[in-house]
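Asks: Below: one structure in structure tokens.
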Amino acid sequence: MTTGYTHEIDKCVAEINRLTAAGADVVRVAVPERKDTEALKEIIPQVRVPIVADVHFHFKRALEAVEAGVHKIRLNPGNIQDRDQVIEVIKACKAAQGGKGIPIRIGVNEGSIIERRDKQKRLKELGAFFHDNKRGYLLAIMITKLEEYLDIFYEQDFHDIVISAKSMDVPTVVDAYTEISKRFDHPLHLGVTHAGPKETGCIRSVVALGTLIANGIGDTIRISYASDSKYEVEDGLEMLYSLGARERKGAELIACPTCGRIQVDLVSLVQDVRTKVSTQIELPIKLAVMGCIVNGPGEAEGADVAVFAGDRKGIIYVQGEKVANVPEEEILSRLLEECLKFQDKVKRGEARLGEKKVEIIPPDPIGELGSGWEKAAHDHKGKGVSLTVGGA
Ligand code: SF4
């Protein structure tokens, strides 16, 4: 979802295009005011992805957004409740896009479902909400409100519906979507709402959405952070790639966590590889950055391109074959060069991804990498210094 004002047309177009470039397939925008729905008429022709209008409180914003050519409407049953108004939106969506129609997402999110206007009803619902079985109550009210709302759509013979049931609580998200997937035959849009900043929101979102997707539940996702929206797209994609739910585009970076054996600045190297090398690779090349030879070869054996660092140097392998031994300051540029060379070979049909030609033979720790205890033992041999030399 965009974070800027929709009526600031140029900025909104730029943000949508930035999210599209990052990998977003669908982008939602807020339309709180008439000037936002008016702006959609100019925004939609300038972007390459379907646009969803996020509508709250004012059903007329939905009608205006449909008129402007939006591709989907999100309605909130918590604040657009008037039956006649909902029917007007349904009719407009049915007739949209020259009669092809557009879908409506019904978002029975945690923050949307507790009554807001009727004070007595609100107190009753809130009272139950804070009773001992909060999650059970929340689930029950989500399902009840969803059923009531859906009845209006079914009566109008409208079935192009997407459902979301977001919460900030991971078990609630998992339970709600699991229950809804059993009861309703509509696509589900998954999300953890108000998940927090990227650093913590990432964990919360991936645990909830990953569990659901691994169980075959969910059709679209949104990761929500109080951070730059491009991270939502990047992290969402990485989650889908990791689950095998989507074919990877670009390099897959593998890196060791580092430990006391490290003899290069591996953390900086990994960051540089992520931002300066991975981003220049289009194919799903598996790229490993390993801190030493102890576990490096084993951990990187499945990699297409790998570097094992040693004493301020690195040995680079391409599909198990050693191609370079370079000083630390040249690792990044040589790694990029080798990755691009390998990518060209794959494109020309001279190599295949994931095909290891040669077993990785660990480099000689003394001669080639000069790292670790072995080197120390070697250097001090016969000099009267006692050293205990241990294997990895
Ligand atoms: S590859 Fe080497 S440096 Fe990295 S964590 Fe494993 S043992 Fe430590």
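Position in the sequence shown counted from 1, then plus 593, gives you our numbering. Here a beta-carbon is modelled for each residue, glycine too, at the ideal position from N, C-alpha and C.
From the DSSP output, which residues share a beta bridge with Ser760?
Replies: Its beta-bridge partners are Val785.
Asks: Mapping DSSP to helix, strand and coil, what is Val911?
Replies: Strand, per DSSP.
Asks: Just verifying my parser: in three-state terms, what is the DSSP assignment at Ile699?
Replies: If DSSP states are grouped into helix, strand and coil, Ile699 belongs with the strands.
Asks: Check this for me: beta carbons of Gly811 and Leu783, under 7 Å apart or not?
Replies: Yes, they are a contact pair.
Asks: To the nearest angstrom, how far is the alpha carbon of Leu833 from that of Val619?
Replies: Leu833 and Val619: Cα-Cα distance of roughly 15 Å.
Asks: For Gly843 versus Ile874, is the C-beta distance shorter than 7 Å?
Replies: Closer than 7 Å, so yes.
Asks: If I measure Cβ to Cβ from Cys852 and keep anything under 6 Å in the same chain, skipping five residues before and after, which residues do I get?
Replies: Here the set comprises nothing.
Asks: How is Met594 classed by DSSP in three states: helix, strand or coil?
Replies: Coil, per DSSP.
Asks: Can you find the residues in the same chain that come closer than 6 Å, C-beta to C-beta, to Ser979, ignoring five residues on each side of it along the sequence?
Replies: With a pLDDT of 38 at Ser979, under the threshold of 50, the modelled position of this residue cannot be trusted, and the question is left open.
Asks: For the alpha helix (DSSP H) that contains Ala807, what are its first and last residues?
Replies: Unbroken alpha helix (DSSP H) run through Ala807: Lys791 to Ala807.
Asks: Let me check you understand the geometry: is the CB of Val887 closer than 6 Å to at least one non-hydrogen atom of ligand 1?
Replies: Yes - ligand 1 has a heavy atom lying nearer than 6 Å to the Cβ of Val887.
Asks: Which of the three DSSP states, helix, strand or coil, is assigned to Asn610?
Replies: Residue state, collapsed to three classes: helix.
Asks: In this structure, how does DSSP classify Thr765 when only helix, strand and coil are distinguished?
Replies: Helix, per DSSP.
Asks: Can you tell me which of Ala819, Ser820, Glu772 and Met594 puts its alpha carbon nearest to the alpha carbon of Asn808?
Replies: Considering only alpha carbons, the answer is Glu772.
Asks: Spatial neighbours of Val766 within its chain, please: CB distance less than 7 Å, with the 5 preceding and 5 following residues excluded, ordered by chain position.
Replies: Only Lys759, Ser760, Val785 and Ala801 meet the Cβ criterion.
Asks: With a threshold of 6 Å (Cβ to nearest heavy atom), would Pro643 be considered close to ligand 1?
Replies: No, the beta carbon of Pro643 sits no closer than 6 Å to any heavy atom of ligand 1.
Asks: For Leu846, which beta-bridge partners are listed by DSSP?
Replies: Leu846 is bridged to Leu880.
Asks: What's the gap between the Cα of Val642 and the Cα of Lys604?
Replies: The alpha-carbon atoms of Val642 and Lys604 are separated by roughly 16 Å.
Asks: Do Val645 and Ala655 have their beta-carbon atoms positioned less than 7 Å apart in this structure?
Replies: No, they are not a contact pair.
Asks: Alpha carbon to alpha carbon, how far is Leu880 from Glu948?
Replies: Roughly 13 Å separates the two Cα atoms.
Asks: Per DSSP, which one or two residues make a beta bridge with Ala623?
Replies: Answer by DSSP bridge pairing, in chain order: Asp647.
Asks: Suppose contacts are defined by Cβ-Cβ distances below 7 Å. Is Thr599 in contact with Ala623 by that definition?
Replies: A contact, by the Cβ cut-off of 7 Å.
Asks: Once you ignore the five residues that flank Val826 on each side, which residues in its own chain have a CB closer than 7 Å to its CB?
Replies: Within the same chain, Val826 has close Cβ partners Leu612, Ala615, Gly616 and Ala617.
Asks: First and last residue of the beta strand (DSSP E) that includes Ile814?
Replies: It spans Thr813 to Arg815 - the beta strand (DSSP E) in which Ile814 sits, taken as one unbroken run.
Asks: Could you tell me how far apart the beta carbons of Ala563 and Ile847 are, in whole angstroms, since I believe they sit closer than 8 Å?
Replies: Nothing can be reported for residue 563: it is not among the residues displayed for the chain, which extend from 594 to 985.
Asks: Closest to Glu626 by C-alpha separation, out of Lys653, Ile609 and Lys634, would be which residue?
Replies: Selected option, being the one with the closest Cα: Lys653.
Asks: With a threshold of 16 other CB atoms inside 10 Å of the CB of Phe935, please say whether the residue is buried or exposed.
Replies: Buried is the call here.
Asks: Please determine, among Ser822, Arg841, Asn610 and Ile699, the residue with the shortest C-alpha to C-alpha distance to Phe777.
Replies: Among Ser822, Arg841, Asn610 and Ile699, the Cα nearest to that of Phe777 is on Ile699.
Asks: Between the Cα of Arg839 and the Cα atoms of Tyr824, Ile814 and Asp858, which residue gives the shortest distance?
Replies: Measuring from the Cα of Arg839, the nearest candidate turns out to be Ile814.
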